[in-house]
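Residue numbers (UniProt numbering): 1 to 418. Glycine included, each C-beta is placed from N, C-alpha and C at the ideal position. Note that the structure is predicted; figures quoted are calculated from it, not measured.
This is how it looks when you write it as structure tokens:
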């Protein structure tokens, strides 16, 4: 095993796994910390946790446990994968988890690289941009769990970690990997524990990828995965057969959308014009035990149509705010998660074999509820969103982070069935 990835949510895990496969690494994704006796034959393993917004102590404990399992498999390099919008609070969890991983490895330096230019996440002079807007001015400003009101990655990291953060700007990156390695040494000499690296095009990520080949721990979004995979080129084999193992088959399909991101709202609206749709009623969800059965019956009655039915809790920022004020943010969020969990179980028992899921939290709930412990990684529907197929059962999933994909994503995903 060459590379071990610890991902802080399920969609983020499939995101980076897809990029690793596309760049030549035989990759398996496992959900949760595997048992000590689990044996995997792969170039890379991605361990997906649900640690992005859980209590910090829990996130640290889970991440260190995943690291120790990967160490036991003989991994040579480790990657802490978080969202390309650096989703976190002033207390964590990105900083505390990074510190714990560094301590466990006996290391004192790593990089911070959330950039994913192909999906509009770029870093310029240490500031994170989303589709050309500063993070703090993008839709992430209104995120219901981790509202991002500061775009300065050095500030964000310093606020939630034990060390200090330096910057490696784009001028150094464009001088090549050796210049970046030189800057690593300079920052370490200054007592810096982390280096934010600029990156606003793929060429930047390739140079950064070369430069981090000697770092035991790398942290970032999925974009850097391509550059890192290239470092292992002489060890890699043809991926055609591995990709085929993750390909979805034509079977009963449903779409479940819990994300309230701007892009998911657009995707839902576009899809509603051509397929059966049902908006989840939060009032019913919280007050009626029979509501999930009613929605189940509706889905079953529409499974034979040409495009899969969609059930969505997706709402714009104003409507979401109103719901949270009426019912409480935590109570309403828990009600939605419980609803999707029960619905997914009932639909899978009935015979649904393909689930397209929008939203990191919703994807995690669905995957855990269906008791999937590991995936083959299939074709990418859009950058960072592959189809994945369970190793232990007949089940395929497309797990989409909120803002990923274009407006036709839900339709495009169904074009991969064979």
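For residue j and residue i, the rounded distance between their alpha carbons
{"i": "residue 362", "j": "residue 115", "result": "24 Å"}
{"i": "residue 219", "j": "residue 154", "result": "14 Å"}
{"i": "residue 337", "j": "residue 131", "result": "29 Å"}
{"i": "residue 103", "j": "residue 408", "result": "44 Å"}
{"i": "residue 423", "j": "residue 107", "result": "Beyond the ends of the chain as shown, which are 1 and 418, falls residue 423; an answer cannot be given."}
{"i": "residue 140", "j": "residue 313", "result": "18 Å"}
{"i": "residue 61", "j": "residue 301", "result": "44 Å"}
{"i": "residue 24", "j": "residue 231", "result": "11 Å"}
{"i": "residue 177", "j": "residue 253", "result": "45 Å"}
{"i": "residue 79", "j": "residue 229", "result": "12 Å"}
{"i": "residue 389", "j": "residue 198", "result": "34 Å"}
{"i": "residue 366", "j": "residue 310", "result": "15 Å"}
{"i": "residue 341", "j": "residue 356", "result": "14 Å"}
{"i": "residue 5", "j": "residue 64", "result": "12 Å"}
{"i": "residue 298", "j": "residue 172", "result": "57 Å"}
{"i": "residue 227", "j": "residue 111", "result": "14 Å"}
{"i": "residue 249", "j": "residue 376", "result": "13 Å"}
{"i": "residue 166", "j": "residue 217", "result": "17 Å"}
{"i": "residue 10", "j": "residue 48", "result": "5 Å"}
{"i": "residue 421", "j": "residue 51", "result": "The chain is shown only over 1 to 418; residue 421 falls outside these bounds and no answer can be derived."}
{"i": "residue 339", "j": "residue 53", "result": "20 Å"}
{"i": "residue 7", "j": "residue 223", "result": "13 Å"}
{"i": "residue 415", "j": "residue 72", "result": "40 Å"}
{"i": "residue 396", "j": "residue 246", "result": "8 Å"}
{"i": "residue 185", "j": "residue 269", "result": "50 Å"}
{"i": "residue 195", "j": "residue 391", "result": "37 Å"}
{"i": "residue 233", "j": "residue 207", "result": "15 Å"}
{"i": "residue 303", "j": "residue 343", "result": "14 Å"}
{"i": "residue 204", "j": "residue 210", "result": "10 Å"}
{"i": "residue 288", "j": "residue 281", "result": "10 Å"}
{"i": "residue 265", "j": "residue 283", "result": "20 Å"}
{"i": "residue 128", "j": "residue 98", "result": "19 Å"}
{"i": "residue 379", "j": "residue 279", "result": "29 Å"}
{"i": "residue 122", "j": "residue 87", "result": "15 Å"}
{"i": "residue 100", "j": "residue 84", "result": "21 Å"}
{"i": "residue 182", "j": "residue 276", "result": "57 Å"}
For residue i: DSSP bridge partner residues
{"i": "residue 42", "result": "The partner list for residue 42 (beta bridge, DSSP) is empty, contrary to what the question assumes."}
{"i": "residue 387", "result": "398"}
{"i": "residue 133", "result": "130"}
{"i": "residue 165", "result": "194"}
{"i": "residue 81", "result": "7, 220"}
{"i": "residue 254", "result": "355"}
{"i": "residue 53", "result": "DSSP, once it has assigned bridges, lists no residue as partnering residue 53."}
{"i": "residue 260", "result": "For residue 260, which the question treats as bridged, DSSP gives no partner whatsoever."}
{"i": "residue 47", "result": "6, 30"}
{"i": "residue 124", "result": "127"}
{"i": "residue 97", "result": "Paired residue(s): none; residue 97 is not in a bridge."}
{"i": "residue 112", "result": "196, 219"}
{"i": "residue 104", "result": "None, per the DSSP bridge assignment."}
{"i": "residue 92", "result": "89"}
Residue i - DSSP class collapsed to helix/strand/coil
{"i": "residue 139", "result": "helix"}
{"i": "residue 33", "result": "coil"}
{"i": "residue 393", "result": "coil"}
{"i": "residue 267", "result": "helix"}
{"i": "residue 285", "result": "helix"}
{"i": "residue 73", "result": "coil"}
{"i": "residue 152", "result": "strand"}
{"i": "residue 404", "result": "coil"}
{"i": "residue 296", "result": "helix"}
{"i": "residue 302", "result": "helix"}
{"i": "residue 60", "result": "helix"}
{"i": "residue 414", "result": "helix"}
{"i": "residue 175", "result": "coil"}
{"i": "residue 145", "result": "coil"}
{"i": "residue 279", "result": "strand"}
{"i": "residue 379", "result": "strand"}
{"i": "residue 423", "result": "As displayed, the chain neither begins before 1 nor continues past 418, which places residue 423 out of reach and without an answer."}
{"i": "residue 18", "result": "helix"}
{"i": "residue 157", "result": "helix"}
{"i": "residue 119", "result": "helix"}
Expected contact under 8 Å - CB spacing of residue i and residue j to nearest Å
{"i": "residue 296", "j": "residue 346", "result": "5 Å"}
{"i": "residue 105", "j": "residue 44", "result": "Actually they are not in contact, since the Cβ atoms of residue 105 and residue 44 sit about 18 Å apart, beyond 8 Å."}
{"i": "residue 15", "j": "residue 292", "result": "Wrong, their Cβ atoms sit about 29 Å apart, outside the cutoff."}
{"i": "residue 136", "j": "residue 149", "result": "5 Å"}
{"i": "residue 286", "j": "residue 335", "result": "5 Å"}
{"i": "residue 188", "j": "residue 164", "result": "About 11 Å separates the two Cβ atoms, so there is no contact after all."}
{"i": "residue 95", "j": "residue 1", "result": "Actually they are not in contact, since the Cβ atoms of residue 95 and residue 1 sit about 27 Å apart, beyond 8 Å."}
{"i": "residue 169", "j": "residue 125", "result": "6 Å"}
Notebook entry, point to check: Curious, which full-length alpha helix (DSSP H) runs of at least 4 residues does the region 181-239 contain?
Noted result: 202-211, 225-231
Notebook entry, point to check: If you scan the region 305-374 from start to end, which runs of the beta strand (DSSP E) of 3 or more residues do you find wholly inside it?
Noted result: 310-312, 354-358
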